[in-house]
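Taken in order, the sequence shown gives residues 37 to 370; the numbers are from our numbering. Ideal Cβ placement from N, Cα and C applies to all residues, glycine included. Note that the structure is predicted; figures quoted are calculated from it, not measured.
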Amino acid sequence: MKRRKLDFSNCKPLLMMIVIMVANAAVVRCELFTCQSQNQHKILTLAGSFDISGRGPKGSGSLTATHMALKHIYYNSTLLPGYCLNMTWGDTKVSKSSTDPTFALYDFDPSLKLLYDQITAGHAKLAVFGSTCSTVTQSMARISPYYNLIQLTYLSPSPALSLQDYATLYRTYPSGASINLARLGLCARYNWEKIAIISQSLQIFSKTAQIMSQMAKSRKFDVATITEFGDDEDPLQALKAIEKSQARIIMGGFYPPQALRVFCRAYHLNLTTAKHVWVLMGGLDDNWWQLHGLNVTVGNVSCTQSQINQAVDGYFSSSGLAIYNEPIKTISGL
Numbered sequence: 037m038k039r040r041k042l043d044f045s046n047c048k049p050l051l052m053m054i055v056i057m058v059a060n061a062a063v064v065r066c067e068l069f070t071c072q073s074q075n076q077h078k079i080l081t082l083a084g085s086f087d088i089s090g091r092g093p094k095g096s097g098s099l100t101a102t103h104m105a106l107k108h109i110y111y112n113s114t115l116l117p118g119y120c121l122n123m124t125w126g127d128t129k130v131s132k133s134s135t136d137p138t139f140a141l142y143d144f145d146p147s148l149k150l151l152y153d154q155i156t157a158g159h160a161k162l163a164v165f166g167s168t169c170s171t172v173t174q175s176m177a178r179i180s181p182y183y184n185l186i187q188l189t190y191l192s193p194s195p196a197l198s199l200q201d202y203a204t205l206y207r208t209y210p211s212g213a214s215i216n217l218a219r220l221g222l223c224a225r226y227n228w229e230k231i232a233i234i235s236q237s238l239q240i241f242s243k244t245a246q247i248m249s250q251m252a253k254s255r256k257f258d259v260a261t262i263t264e265f266g267d268d269e270d271p272l273q274a275l276k277a278i279e280k281s282q283a284r285i286i287m288g289g290f291y292p293p294q295a296l297r298v299f300c301r302a303y304h305l306n307l308t309t310a311k312h313v314w315v316l317m318g319g320l321d322d323n324w325w326q327l328h329g330l331n332v333t334v335g336n337v338s339c340t341q342s343q344i345n346q347a348v349d350g351y352f353s354s355s356g357l358a359i360y361n362e363p364i365k366t367i368s369g370l
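Okay, structure coming up:
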């Protein structure tokens, strides 16, 4: 009898959740907002996730803003009359594993443990709210449809989240790829026709780079090279490809630790001279180029703070508008 090979590829999200269910790590859950008159209102509960600690972008400001929003909704009788919008929340604790492209199926991900704990405890959840880090949002968005939950993220720019794989995911922040038009508009404004693209090999950066390359070519730009490097990889070979291409307009996408290594290597390859222009994705921390020690070392070279300052001087960056600047009051009255 012929033995049939079983295909478990579509079961990966469920297997991942099973692993999380048997994990022993504790996750703290808190009530972000508690309804005052529960007997008079039907409670609608959201499962909130915020990147408070760990390696990802910090979500403490978003936590405060969300609490304010819940209070505004509760005390405005014209919004959700007869209902009270409540939220439990927890810290996703963004770790190296959750932002690593080699993140394995059976690696422990605190954000999925948080999601499971919230779904299985307390009131039934209406929807998932979060997260800040795109990779964490992707992990959670793979699971939430199995619990018949929609998910809303307030700050996850990865272009990968626009795919049909995340059909129940909505976001209020634009895809990082949508800002490529602004980057190319800058190049067109100054007649910069030949560009090179370098990115860290995380989907949020590599996917944006691929879309950038396609858009640039369709607009008759010369994409001299598109290259990437791993999370812990020396970017030397990627930068040598740019050096060989002789492109002087360089589009880059990477997190701050990798950015420091890129610019240190680029400095020693003379790719940060007055003849070169670097255009980076936004979302980098304020003063991200400030070293925590005396120097940064990558491979066989190192850079002082003074050299890093010279390397990054004059770079451009672009991101979505974080603050609505029109002089119009919102529904909250602010």
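Buried versus exposed, by CB contacts within 10 Å (16 or more), residue i
i: F352; result: exposed
i: L115; result: exposed
i: K149; result: buried
i: K129; result: buried
i: R207; result: buried
i: A177; result: buried
i: R297; result: buried
i: S342; result: exposed
i: K365; result: exposed
i: Y111; result: exposed
i: K256; result: exposed
i: T171; result: buried
i: K243; result: buried
i: G221; result: exposed
i: Y182; result: exposed
i: D153; result: buried
i: T173; result: buried
i: F44; result: Confidence is the limiting factor: at F44 the pLDDT is only 36, short of 50, which leaves the residue's position unreliable, though a coordinate-based value still follows. That one is exposed.
i: M123; result: buried
i: P292; result: exposed
i: G97; result: exposed
i: G126; result: buried
i: S113; result: exposed
i: Q187; result: buried
Residue range of the unbroken beta strand (DSSP E) whose run includes residue i
i: K230; result: 230–236
i: E269; result: E269 -> no beta strand (DSSP E), and no H or E assigned at all.
i: A160; result: Premise fails: A160 is in no beta strand (DSSP E) and is neither H nor E.
i: S286; result: Position check: residue 286 holds Ile in this sequence, whereas Ser was assumed. Its beta strand (DSSP E) spans residues 285–289.
i: C169; result: First-last for C169: undefined, no H or E at that position.
i: N331; result: 331–334
i: A83; result: 78–86
i: Q282; result: Taken as a continuous stretch (DSSP letters only), Q282 belongs to no beta strand (DSSP E), as it is neither H nor E.
i: Q326; result: Here Q326 belongs to no beta strand (DSSP E), and DSSP marks it neither H nor E.
i: Q187; result: 186–189
i: L316; result: 313–317
i: S338; result: 337–340
i: Y206; result: 205–207
Coarse secondary structure for residue i, derived from DSSP in three states
i: F3; result: As shown, the chain starts at 37 and ends at 370. That puts residue 3 outside it, with no answer to give.
i: T102; result: helix
i: F376; result: For the chain, the structure presents residues 37 to 370; residue 376 sits outside this window and is missing.
i: E264; result: strand
i: Y226; result: coil
i: Y110; result: helix
i: N345; result: helix
i: Y119; result: strand
i: G126; result: strand
i: L197; result: helix
i: C47; result: Below a pLDDT of 50, predicted positions are generally treated as unreliable, and C47, at 46, falls in that range; the measurement from the model is reported next regardless. Three-state DSSP puts C47 in a helix.
Residue closest to residue i, alpha-carbon to alpha-carbon, out of the options
i: L330; options: C339, W324, A224; result: C339
i: C223; options: A283, Y291, K107, I88; result: A283
i: Y119; options: L296, N323, L205, K107; result: K107
i: D258; options: L357, A232, L185, D201; result: A232
i: G288; options: Y111, A245, A157, D270; result: A245
i: G335; options: D322, A302, A347; result: A302
i: Y190; options: T263, G84, E264, H159; result: G84
i: E279; options: T309, E269, D268, I240; result: T309
i: N227; options: I155, H304, D268, V313; result: V313
i: A295; options: T261, Q273, S235, Q239; result: S235
i: F299; options: G318, G319, W324; result: W324
i: N345; options: I79, A218, Q326; result: Q326
i: S354; options: V348, T81, G318, V337; result: G318
i: P30; options: I79, K230, T173, S194; result: Summary: the structure shown does not reach residue 30, with the chain confined to residues 37 through 370, and so no result is reported for it.
i: L307; options: P293, Y152, V332, A274; result: A274
i: F290; options: N184, P271, K276; result: P271
Range of the contiguous alpha helix (DSSP H) that encloses residue i
i: D153; result: 146–156
i: S354; result: S354 -> not in any alpha helix (DSSP H); beta strand (DSSP E) instead, spanning 352–354.
i: I215; result: It is not in any alpha helix (DSSP H) - I215 carries neither H nor E in the DSSP assignment.
* Asked: Is the region 239–258 touching the region 206–213, taking contact as three or more C-beta pairs under 8 Å?
  -> yes
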